[in-house]
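Some notes on the structure that comes next.
Numbering (my numbering), first residue to last: -14 to 252.
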């Protein structure tokens, strides 16, 4: 059983919801990331989603796009992110890690080379925003070889055909995008999102996590009541563009504690 499957199964047996925390690797400097990951886990994060900095993001809002720029300016690249994961794994072998990014760097590195290094570092899953399931077959063969789970996105605009396509290919969990927009949008309609999440859950045994627009205890609790987990990113990343790394670090930790407490109120 993969680390992702084991973590979601463990949470389900205790009736708890997964809290997935996103950070941009290398933002604002490489040495910041690993200590932050450890502290987010200590604060209550169940799964770590680590952003691969990329120069031309298409799904990321301003806060995460700027975080990628800071990370790239600081010298972080995809292979250096894998080094960060390996460093984290020296003292944490249990918390699942999913990398989130874009296809272009993998094309340059090579699927086999990337997957080998990612698996060796301790990565559990991979979400490539711009790789649709219809075109993921070649990469998925390599991911299976190295026991890496492909994570796919579903959105409010996903057709029934697309939903089935994703459910047939995904492993680990399903990432449901709660709104029509980029990360950090304030346009979350929790009622509509809840209905669509319930529809997806009725068709799969995979856990469903919901992200984009989760920013506080109230939205986390509302979405956690219908999903298996919530994914939070922008509110963790944005402080790094507005405050010192030390202050931003503490703000991210406090936000995870707030969201963990809210999710734990769900009966």
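Even for Gly, the Cβ is constructed at its ideal location relative to N, Cα and C. Note that the coordinates shown come from a computational prediction; the quantities given were computed from them, not determined experimentally.
Which same chain residues, not among the five before or five after residue i, have their C-beta less than 8 Å away from its C-beta?
{"i": "residue 177", "result": "141"}
{"i": "residue 107", "result": "70, 71, 73, 74, 78, 82"}
{"i": "residue 68", "result": "106"}
{"i": "residue 109", "result": "-13, -12, -11, 81, 82, 83, 133, 134, 157"}
{"i": "residue 53", "result": "9, 12, 36, 38, 39, 40, 42, 45"}
{"i": "residue 250", "result": "206"}
Which one of the options has the shortest CA to CA distance from residue i?
{"i": "residue 137", "options": "93, 24, 246, 195", "result": "195"}
{"i": "residue 22", "options": "251, 234, 247", "result": "234"}
{"i": "residue 187", "options": "247, 31, 95, 145", "result": "145"}
{"i": "residue 116", "options": "101, 154, 183", "result": "154"}
{"i": "residue 200", "options": "101, 245, 126", "result": "245"}
{"i": "residue 59", "options": "94, 128, -8, 9", "result": "9"}
{"i": "residue 211", "options": "97, 248, 114", "result": "248"}
{"i": "residue 94", "options": "242, 25, 24, 124", "result": "124"}
{"i": "residue 143", "options": "-3, 182, -4, 16", "result": "182"}
Residues in the same chain with beta-carbon distance under 7 Å from residue i, minus the five sequence neighbours each way, listed in chain order, please.
{"i": "residue 185", "result": "139, 148, 159, 161, 193"}
{"i": "residue 48", "result": "169, 219, 222, 223, 226"}
{"i": "residue 189", "result": "152, 159"}
{"i": "residue 128", "result": "100, 111, 135"}
{"i": "residue 167", "result": "For residue 167, the predicted structure reports a pLDDT of 48, less than 50, and the residue's modelled location is therefore unreliable. A value from the coordinates is still provided. Once the five neighbours on either side are set aside, the close Cβ partners of residue 167 are 44, 45, 46."}
{"i": "residue 6", "result": "25, 30, 33, 34, 217, 221, 241"}
{"i": "residue 57", "result": "38, 40"}
{"i": "residue -7", "result": "3, 158, 192, 213"}
Enumerate in chain order the residues of its own chain whose CB-to-CB distance from residue i is below 6 Å, with the five nearest sequence positions on each side excluded.
{"i": "residue 55", "result": "12, 13"}
{"i": "residue 99", "result": "91"}
{"i": "residue -1", "result": "none"}
{"i": "residue 215", "result": "195, 199, 205, 208, 209"}
{"i": "residue 63", "result": "37, 90"}
{"i": "residue 150", "result": "118"}
{"i": "residue 102", "result": "67"}
{"i": "residue -4", "result": "3"}
{"i": "residue 28", "result": "238, 241, 242"}
{"i": "residue 19", "result": "69, 72, 73"}
Taking only three categories from DSSP, how would you classify residue i?
{"i": "residue 226", "result": "helix"}
{"i": "residue 127", "result": "helix"}
{"i": "residue 170", "result": "For residue 170, the predicted model reports a pLDDT of 48, less than 50, meaning its position is unreliable and no value from the coordinates is stated."}
{"i": "residue 34", "result": "strand"}
{"i": "residue 191", "result": "coil"}
{"i": "residue 162", "result": "strand"}
{"i": "residue 236", "result": "helix"}
{"i": "residue 27", "result": "helix"}
{"i": "residue 22", "result": "helix"}
{"i": "residue 211", "result": "coil"}
{"i": "residue 241", "result": "helix"}
{"i": "residue 11", "result": "coil"}
{"i": "residue 145", "result": "helix"}
{"i": "residue 180", "result": "helix"}
{"i": "residue 122", "result": "helix"}
{"i": "residue 47", "result": "helix"}
{"i": "residue 155", "result": "coil"}
(message) Between the stretch 225 to 233 and the stretch 198 to 206, can you find at least three pairs of beta-carbon atoms closer than 8 Å?
(response) no
(request) Check whether the stretch 83 to 93 touches the stretch 31 to 39, taking contact to mean three or more Cβ pairs, one atom from each stretch, closer than 8 Å. (result) yes
(message) Please give the ranges of any alpha helix (DSSP H) in the stretch 57 to 111, keeping only runs that are unbroken, at least 4 residues long and fully inside the region.
(response) 63 to 74, 88 to 94, 96 to 106
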